[in-house]
Amino acid sequence: MQARVWGCRGSIAVPGPDTVRYGGNTSCVEVRLASGHVLILDAGTGMRPLGVSMQNDLPDELHILLTHLHMDHLQGLGFFRPLFAPDLDIHIWGPSSPVQDLSERISMYLSPPLFPVRLEDLASNTTFDNAPEEPVTIGSATIRAAKVAHQGPTVGYRIEENGRTFVYLPDHEPSLGADLANVPAAWMSGHDIAHDADVLLHDGQYRDDEYRDHIGWGHSGVGDAMEFANKANVDRLVLFHHDPYHTDQELEALLAGARANWPGLEDRVSLAYEGMVIRLDEAGVTVR
Amino acid sequence: MSNPVATPGAQKSLPLILARELASNLATPMFLLDAAGMLVFYNDAAALLLGKPFSELGEITGGEFGADLELAELDGTKLRRLDSPSGIAWSERKPAHKRVLATMYDGTRGAFEATAYPLLGSTGEMHGVMAVFWPDTSGETAD
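Taken in order, these protein sequences are the chains called A and B. Residue 43 in this note's numbering sits at position 43 of the first sequence, with consecutive numbering throughout. All you need for this note's numbering is the position in the second sequence, starting with 1, plus 288.
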């Protein structure tokens, strides 16, 4: 499979000269499977350019896997051109709710006064399902979701194909109320879907000193992201969901500090950036 | 709807993880059962009353826990496991409250009040039971 990052910013889109290297679009990752199937992880503003890129070569079906419905993970949906393609089959997966089904909750955004077009007026054949907490097969991949610690109902996704595992946990605070270093793996949010992953895209929104003022906001400090990846035996950690107040320079300083604190893991942690391509196959993992 | 069977060593569900963290940060004695009815945690406040830290006891079945405590009605009648507040919350999926007699691990026997409620997930699935308990200071007995 091949993953391409179209947006890795957290909270709100931040275009401008300070965010050129890592990008200002919010969460959206395209995953193309060996079978040709296309998965889209989250519908942040990065989804708009993704839609442009695929509008002239649409697959037969698309699967949009939403981790949760905060605006930075949903705002691009209304601007995703394939949504308006007649007869295209689009399956949207997202966290379950005891109160409303997924389409009703998404309709709160895709309807006036927040948006001019109603969900039911879209030309594509759109269906909605709860994120699969039991493994499901899509094309050549097996996909599983799990609820994780964030603000409100939120899931992460594990995608396995040909012996390789790609895990997506963009919004996650596994250390909420706990000292992660001393928490047994069985009691660590997200461990079940992240363990032994070849590549983990994980929330790394805050510097560790910033996190102390944001406990309970649903995101991780970089130190906790690395501790989580280490305990989950992840091979390669990609820090994701960059804070909207962090410039390119600040992000690189954050990465340098993290690497200095985790000797021996320097080559296994990096920053997500728009245009980043991660390929996972029998030969291994390559990033460009 | 039957309750699921826990897999030893598997990651606990998110509601159970969050409940454990809540209990760990409170001075209210609390214990947790998982969806299979295993005692999977009690906090330091509970350990003070029970006379044994959870790390020393480890995970045991709810039935074993109830037997250890020799749970009884206030008149001394043995309390069936599923008639305790945590047993009701687990088997009937509803909150329950009761005054009971119990023997702590240090041999102290006394009256306690306990309240338990089920942890039901967004699709109604069972994650376990959270229970609080405290010494009954009312001085009332069945007599």
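Just so you know, even glycine gets a beta-carbon here, dropped at the ideal spot from N, CA and C.
Apart from sequence neighbours up to five positions away, the residues of its chain that approach M47 (chain A) with a beta-carbon distance below 6 Å are C28, G76 and F80, ordered along the chain. No Cβ of chain B is located within less than 8 Å of the beta carbon of G24 (chain A).
Comparing alpha carbon positions, the residue from A:I40, A:T126 and A:L102 closest to Y168 (chain A) is A:I40. The Cβ neighbour count for Q249 (chain A), taken over all protein chains shown within 10 Å, is under 16; the residue is labelled exposed. Listed by position along chain A, the residues whose Cβ is nearer than 9 Å to that of L306 (chain B) are A149, L176, G177 and S189. Interface criterion not met: the Cβ of S220 (chain A) is under 8 Å from no Cβ in chain B. Judged by DSSP in its simplified three-state form, S301 (chain B) adopts coil rather than helix or strand.
For N313 (chain B), the chain A residues whose Cβ falls inside 7 Å of its Cβ are G177, in order along the chain. Per DSSP, S372 (chain B) is not a residue of any beta strand (DSSP E), being assigned neither H nor E.
Annotation: the continuous alpha helix (DSSP H) that includes K231 (chain A) extends over V222 to K231. The straight-line gap separating the alpha-carbon atoms of F353 (chain B) and H214 (chain A) is approximately 39 Å. Among the residues of chain A, those whose CB is under 8 Å from the CB of T411 (chain B) are S96, P98 and N130, following chain order. A contact is defined here as three or more CB-CB pairs under 8 Å, and the segment 266-277 of chain A meets this definition with respect to the segment 5-15 of chain A. Taking one beta carbon from each stretch, the segment 324-337 of chain B and the segment 200-208 of chain A have fewer than 3 pairs nearer than 8 Å; the two do not touch. DSSP places V52 (chain A) in the uninterrupted alpha helix (DSSP H) bounded by M47 to M54. Shown here, Y273 (chain A) sits in coil according to DSSP, grouped into three states, outside any helix or strand.
The C-beta of E227 (chain A) has 16 or more other C-beta atoms within 10 Å across all chains shown, which makes the residue buried. Going by beta carbons, H241 (chain A) and D171 (chain A) fall inside the 8 Å limit. DSSP assignment within the segment 122-199 of chain A yields the following whole beta strand (DSSP E) runs of 3 residues or more, N-terminal first: 125-130, 136-138, 141-147, 155-161 and 164-169.
F421 (chain B) carries a strand assignment under DSSP once its states are collapsed to helix, strand and coil.
Identification of chain A residues near A298 (chain B) by a Cβ-Cβ cut-off of 9 Å yields A186 and D192, ordered along the chain. Cβ-Cβ separation between L271 (chain A) and L239 (chain A): approximately 5 Å, consistent with a contact (criterion under 8 Å). Annotation for G354 (chain B): the continuous alpha helix (DSSP H) segment containing it runs G350 to D356. Between the alpha carbons of S372 (chain B) and G395 (chain B) lies a distance of about 20 Å. Counting the other CB atoms within 10 Å of its CB gives Q100 (chain A) a total below 16, which places it among the exposed residues. Neighbours of P153 (chain A) in chain B, taken as residues whose beta carbon is under 9 Å from its own, are S410 in chain order.
Contact of L302 (chain B) with chain A by beta-carbon distance below 7 Å involves K147, V148, A149 and S189. In the assembly as shown, Q55 (chain A) is an exposed residue. Its beta-carbon has fewer than 16 other beta-carbons within 10 Å.
The beta carbon of I143 (chain A) sits closer than 6 Å to the beta carbons of V136 and I159 from its chain, once the five residues preceding and following it are set aside; these are given in chain order. Residue environment for G364 (chain B): exposed (fewer than 16 other C-beta atoms within 10 angstroms of its C-beta).
Between V420 (chain B) and L407 (chain B), the CB-CB gap reaches or exceeds 8 Å. Note that the C-beta distance between I106 (chain A) and L69 (chain A) is below 8 Å. Your pair S410 (chain B) and S189 (chain A) does not check out as a contact, with CB atoms roughly 16 Å apart and the cut at 8 Å.
In terms of beta-carbon proximity, E309 (chain B) lines the interface with chain A, with at least one pair separated by less than 8 Å.
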